[in-house]
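Asks: So that we are looking at the same thing, I have put the structure below in structure tokens.
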Amino acid sequence: MNWLSEARWSPYAVGAAIGVLSWFTLLVSRHPLGCSTSFARSAGMIERIFRGRKVDEKPYYREVRPEIDWQWLLVIGMAIGAFLAAWLSGDLAVLWVPERWAAAFGTAPLPRLLAALSGGILLGFGSRWADGCTSGHGISGAMQLAVSSWISACCFFIGGILAAWFIYRVVA
Amino acid sequence: MTAKSRQRLQGLLFGVIFGFLLQKGGVTRFDVIVGQLLLEDFTVVKIMLTAVAVGTVGIHLLKHLGWASFSPKRGSWGRNAIGGLLFGVGFALLGYCPGTIAGAIGSGWLDALVGGLPGILLGSALLAAVYPKLQARVFSRGEFGDLTLPRLFKASDWLVIAPLLAIIALLFLLLERAGL
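Same order as they appear, the protein sequences are chains H and V. Residue numbers for the first sequence follow the working numbering, so the first one is -18 and each next one is one higher. Residue numbers for the second sequence follow the working numbering, so the first one is 311 and each next one is one higher.
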């Protein structure tokens, strides 16, 4: 079982396995792989703590109910699965600043934290605007050959490539 | 066990496998994702397009056998193109996406847990707040409903899938030849 403790697997093997996984989620659970809706449901559940039941009356949350469902547990499972994978390869480390960021902007945690927070806000906002993320549109919707998903996935990378060029080639 | 809790348990188990694979593939790492967006490391594209190639063939077989049905998302240029570009900028700043951030948190990244996660929740709540306005003014621009590529090209599913697989294979060949 040496392969379980290897730090990296071939991207083609990992991709093929995710492809097979997507057959089974559709066949067994009748759900495509997706993640970002769960963050919207969680946001609604947190809002409910402060504002009570009237949160459920918001038009958005009438469509995306703030509740725990299949996909919400999928996302929790993903954190557990990644924990196991990192632990098996001795990759588990509690860190603040990734290498590539440190090389461009230094090792201080605060700037990285602020970038992650603002990036997260845009990512959450954009994923719900586009009605999906890199998994829901980029993998599941793309394989259903949905036009909405192919447009979204292309725009994720167009926006990402332009922004990364600006951040790391112009600003840094 | 009720049907609902069985569903949730299935979600959790599928998630463990998905997260395990993403971590082993390297895409729960900021450096790999930003490397992709800087076009220096093509791990993300290789994983996504292999998953799409393998997935497409399988789920279309399941559909033709009548064992599964699809739910292509409805969309519009205003929704998918603008939302996608905003997502992309966030993707580059954060260095994780909504799925891989769960994996990054699981493997110990505090920038993901303390910065990225509250950010995504806040961004989602903001969108929920402005949703009715956007729906009326932006999401309706250039609507195409639940259109799929076979319907767009007026071709059978397999007539679209075959060239798609060929393009993906060709791209991989070029990437490997370029040493990327």
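Built from N, CA and C at the ideal position, the CB exists for glycine as well. Quick caveat, the model's predicted, so the values are computed rather than measured.
Would you say Trp111(H) and Ala438(V) are within 8 Å of each other, going by their C-beta atoms?
Replies: According to the sequence shown, residue 111(H) is Ala rather than Trp. Contact: no.
Asks: When you compare only the Cα positions, how much space is there between Cys136(H) and Cys407(V)?
Replies: Straight-line Cα distance between these residues: approximately 14 Å.
Asks: For a quick check, are the C-beta atoms of Gly433(V) and Gly105(H) less than 8 Å apart?
Replies: Yes. Within cutoff.
Asks: Under 8 Å, do Val56(H) and Cys114(H) count as touching if we go by C-beta distance?
Replies: Taking 8 Å as the Cβ cut-off, Val56(H) and Cys114(H) do not qualify as a contacting pair.
Asks: Which value, in whole angstroms, describes the spacing of the CA atoms of Leu404(V) and Gly101(H)?
Replies: Their Cα atoms are separated by approximately 6 Å.
Asks: Measuring only the C-alpha atoms, how far is Gln125(H) from Thr366(V)?
Replies: Cα-Cα distance, rounded: 7 Å.
Asks: Please tell me whether Gly33(H) and Met358(V) are closer than 8 Å, where the distance is taken between their beta carbons.
Replies: Not in contact: Gly33(H) and Met358(V) (Cβ atoms no closer than 8 Å).
Asks: For Thr366(V), name the three-state secondary structure that DSSP assigns.
Replies: In this structure, Thr366(V) counts as helix in the three-state DSSP scheme.
Asks: Could one say the Cβ of Ala476(V) lies closer than 8 Å to chain H's Cβ atoms, at least one of them?
Replies: Output row for Ala476(V): interface = no.
Asks: According to the Cβ coordinates, are Gly141(H) and Leu347(V) closer than 8 Å?
Replies: Yes.
Asks: Between Thr410(V) and Thr360(V), is the Cβ-Cβ spacing less than 8 Å?
Replies: Result no, Cβ atoms of Thr410(V) and Thr360(V) do not sit closer than 8 Å.
Asks: Using beta-carbon positions only, say whether Leu54(H) and Gly321(V) come within less than 8 Å of one another.
Replies: Yes; because the gap between Cβ atoms is below 8 Å, this pair is in contact.
Asks: Which same chain residues end up closer than 8 Å to Pro40(H) when comparing Cβ atoms and leaving out the 5 residues on each side of it in sequence?
Replies: Excluding sequence neighbours, Pro40(H) sits near nothing in its chain.
Asks: Select from the region 133 to 149 of chain H all residues with a C-beta closer than 9 Å to any C-beta belonging to chain V, and list them in chain order.
Replies: Residues Ser133, Ala134, Cys135, Cys136, Phe137, Phe138, Ile139, Gly140, Gly141, Ile142, Leu143, Ala144, Ala145, Trp146, Phe147, Ile148, Tyr149.
Asks: Output the distance between the C-alpha atoms of Gly122(H) and Pro13(H), rounded to the nearest integer angstrom.
Replies: Their backbone Cα atoms lie some 8 Å apart in a straight line.
Asks: In the DSSP assignment, the beta strand (DSSP E) including Phe454(V) goes from what residue to what residue?
Replies: Counting along the chain, the beta strand (DSSP E) containing Phe454(V) begins and ends at 453 to 455.
Asks: For Arg389(V), go through chain C and note every residue whose CB falls closer than 8 Å to its CB, in chain order.
Replies: This model lacks chain C altogether, as its protein chains are H and V.
Asks: List the endpoints of the continuous alpha helix (DSSP H) containing Leu2(H).
Replies: Here the alpha helix (DSSP H) through Leu2(H) covers -8 to 5.
Asks: So which residues of chain V does Ala60(H) contact, with C-beta pairs closer than 7 Å?
Replies: Gly329, Ala412, Gly413, Ile415, Gly416, listed in chain order.
Asks: List, in order along the chain, the chain H residues whose C-beta lies closer than 8 Å to that of Ser434(V)?
Replies: Simply Ser17, Phe20, Ala21, Ser23, Ala24, Gly105, Phe106, Ser108, Arg109.
Asks: Give the C-beta separation of Gly0(H) and Val364(V) to the nearest angstrom, bearing in mind that I take them to be a contact with Cβ-Cβ under 8 Å.
Replies: With 8 Å as the limit, Gly0(H) and Val364(V) qualify as a contact, their Cβ atoms being about 3 Å apart.
Asks: What separation, rounded to the nearest whole angstrom, lies between the Cα atoms of Lys443(V) and Ala83(H)?
Replies: Cα-Cα distance, rounded: 40 Å.
Asks: How about Asp456(V) and Lys383(V): are their beta carbons less than 8 Å apart?
Replies: Yes, these two residues count as a Cβ contact at 8 Å.
Asks: Leu323(V) versus chain H: which residues are under 8 Å apart at the beta carbon?
Replies: Residues of chain H passing the Cβ test: Gly58.
Asks: Check each residue of the region 455 to 468 of chain V: if its Cβ is closer than 8 Å to any Cβ of chain H, include it; give the result in chain order.
Replies: Flagged, chain order: Asp456, Leu457, Thr458, Leu459, Pro460, Leu462, Asp467.
Asks: By Cβ distance below 7 Å, which residues in the same chain neighbour Ala67(H) in space, the five residues on each side in sequence not counted?
Replies: Closer than 7 Å at the Cβ level, and outside the excluded window around Ala67(H), lie Leu73.
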